[in-house]
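A.B. asks: The structure's right below; bear with me while I get my questions together.
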């Protein structure tokens with residue numbers, strides 16, 4: 022049986038032998054506070070609508086966007102769009118459309 | 135089908151570049167689909183720092199390109215099958231590190247942010263099976279992607295690899 026966590030990838034940031042990066046560099050690029058020091062290993066997930074990789078902040082309290090259409094977590098940007106439009110279009114559907122158009126072009 | 139490792143020899147990342155500007159050769163590693171229907175699944179992106187000066191924060195972005203590279207060339211990159219016994223498909227993806235006109239990173243289609251310090255740091259992302267980053271075709275925006283330094287990057291040497299499967 023699949024769980025939501027069964028979709029998670031792994032993100033590793035190893036600064037055990039490095040001065041690391043300050044939060045001023047890491048946070049704007051999606052890293053949790055403090056992740057730029059020492060060893061950070063955390064889960065990630067792939068937004069099913071745009072395929073952006075989200076590194077999970079273990080201290081985040083706000084809920085993650087979830088799409089009931091594709092039964093998958095979304096990034097915040099796609100989550101906001103989904104909330105506004107109610108539409109679900111996965112990147113795999115986009116690929117299918119590209120391949121279908123390409124095959125029609127050759128027939 | 136066949137799984138490949140796209141690697142790059144140490145590259146000096148420079149000061150980084152903004153989105154939608156032609157990337158400077160030998161500061162990035164790019165993957166371009168081989169045909170208009172080729173599909174690639176990217177399962178791992180890794181970068182290891184090799185800077186010799188203290189503190190060289192890297193702001194690396196793996197992103198789709200809104201303009202593909204013109205006349206891409208290998209530069210310091212390599213493309214190797216991970217299974218020595220695999221039979222190579224008829225057409226392979228193009229792994230490149232330089233181009234006559236560099237690719238332009240999309241401003242909206244960033245896929246993965248890999249910030250780390252090239253002075254002794256390493257960063258790696260691995261996908262769960264079925265959750266890989268997909269590429270399709272050999273045109274913008276789905277068919278060309280790069281790992282490249284973004285504006286504000288501190289120049290330093292890095293090596294990197296991208297593991298992908300040719301579906």
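Chains as they are written, first to last, in the numbering used here: chain A, 22 to 128; chain B, 135 to 301. Backbone N, C-alpha and C define an ideal beta-carbon position, used for all residues, glycine too. Predicted model only: the values in this text are computed from it and were never measured.
Starting from residue 295 of chain B, find everything on chain A with Cβ-Cβ shorter than 9 Å and list it in chain order.
C.D. replies: In chain order: nothing, as chain A lies at least about 14 Å away.
A.B. asks: To be precise: take each residue of the stretch 264 to 290 of chain B, compare its Cβ to all Cβ atoms of chain A, and keep it if any distance is under 7 Å. Which residues remain?
C.D. replies: 265, 267, 268, 270, 271, 276
A.B. asks: Closest to residue 52 of chain A by C-alpha separation, out of A/23, A/74, A/88, would be which residue?
C.D. replies: A/74
A.B. asks: Here's a check: name, in chain order, each residue in its chain whose Cβ is nearer than 7 Å to the Cβ of residue 210 of chain B, leaving out the five neighbours to either side.
C.D. replies: 142, 143, 145, 160, 231
A.B. asks: State whether the stretch 89 to 99 of chain A contacts the stretch 54 to 68 of chain A, with contact taken as three or more CB pairs (one from each stretch) at a distance under 8 Å.
C.D. replies: yes
A.B. asks: Three or more C-beta pairs closer than 8 Å, one from the stretch 250 to 260 of chain B and one from the stretch 222 to 230 of chain B: is that the case here?
C.D. replies: no
A.B. asks: If contact is defined by three or more beta carbon pairs under 8 Å, each pair taking one atom from either stretch, is the stretch 281 to 289 of chain B in contact with the stretch 167 to 178 of chain B?
C.D. replies: no
A.B. asks: Only counting runs of 3 or more residues, tell me where the beta strand (DSSP E) segments fall wholly within the stretch 240 to 300 of chain B, in order along the chain.
C.D. replies: 256 to 260, 267 to 270, 278 to 283, 291 to 300
A.B. asks: By how many angstroms is the C-alpha of residue 148 of chain B removed from the C-alpha of residue 290 of chain B?
C.D. replies: If you take the alpha carbons of residue 290 of chain B and residue 148 of chain B, they lie about 7 Å apart.
A.B. asks: Return the CA-CA distance between residue 119 of chain A and residue 270 of chain B, expressed in angstroms with no decimal places.
C.D. replies: Going from the Cα of residue 119 of chain A to the Cα of residue 270 of chain B covers about 8 Å.
A.B. asks: Can you list the residues of chain A that residue 253 of chain B reaches, using a CB-CB cut of under 7 Å?
C.D. replies: 39, 40
A.B. asks: Are residue 278 of chain B and residue 223 of chain B closer than 8 Å when you measure CB to CB?
C.D. replies: Cβ atoms of residue 278 of chain B and residue 223 of chain B: not closer than 8 Å.
A.B. asks: May I ask which residues mark the beginning and end of the alpha helix (DSSP H) holding residue 145 of chain A?
C.D. replies: Outside the displayed range of chain A (22 to 128) lies residue 145 of chain A, so it cannot be described from this structure.
A.B. asks: Kindly give me the distance between the Cβ atoms of residue 193 of chain B and residue 287 of chain B, rounded to whole angstroms, as I take these residues to be in contact under 8 Å.
C.D. replies: 5 Å
A.B. asks: Taking the beta strand (DSSP E) that residue 235 of chain B belongs to, which residues open and close that run?
C.D. replies: For residue 235 of chain B, the uninterrupted beta strand (DSSP E) run begins and ends at 232 to 235, by DSSP.
A.B. asks: Select from A/83, A/116, A/37, A/50 the residue whose C-alpha is nearest the C-alpha of residue 100 of chain A.
C.D. replies: It is A/83.
A.B. asks: Quick one: measure Cβ to Cβ for residue 203 of chain B and residue 233 of chain B, integer angstroms, because I've assumed they're closer than 8 Å.
C.D. replies: Contact annotation, residue 203 of chain B with residue 233 of chain B: C-beta distance approximately 4 Å; criterion of less than 8 Å satisfied.
A.B. asks: What are the residues of the stretch 233 to 262 of chain B that lie near chain A, defined by any Cβ-Cβ distance shorter than 8 Å?
C.D. replies: 243, 244, 245, 246, 247, 249, 250, 251, 253, 254, 255, 256, 257, 258, 259, 260, 261, 262
A.B. asks: Looking at chain B, which residues of the stretch 52 to 67 of chain A have a Cβ within less than 8 Å of any of its Cβ atoms?
C.D. replies: 52, 57, 65, 66, 67
A.B. asks: DSSP puts residue 7 of chain A in a beta bridge; with which residues?
C.D. replies: No answer is possible for residue 7 of chain A: it lies beyond the span of chain A, which begins at 22 and ends at 128.
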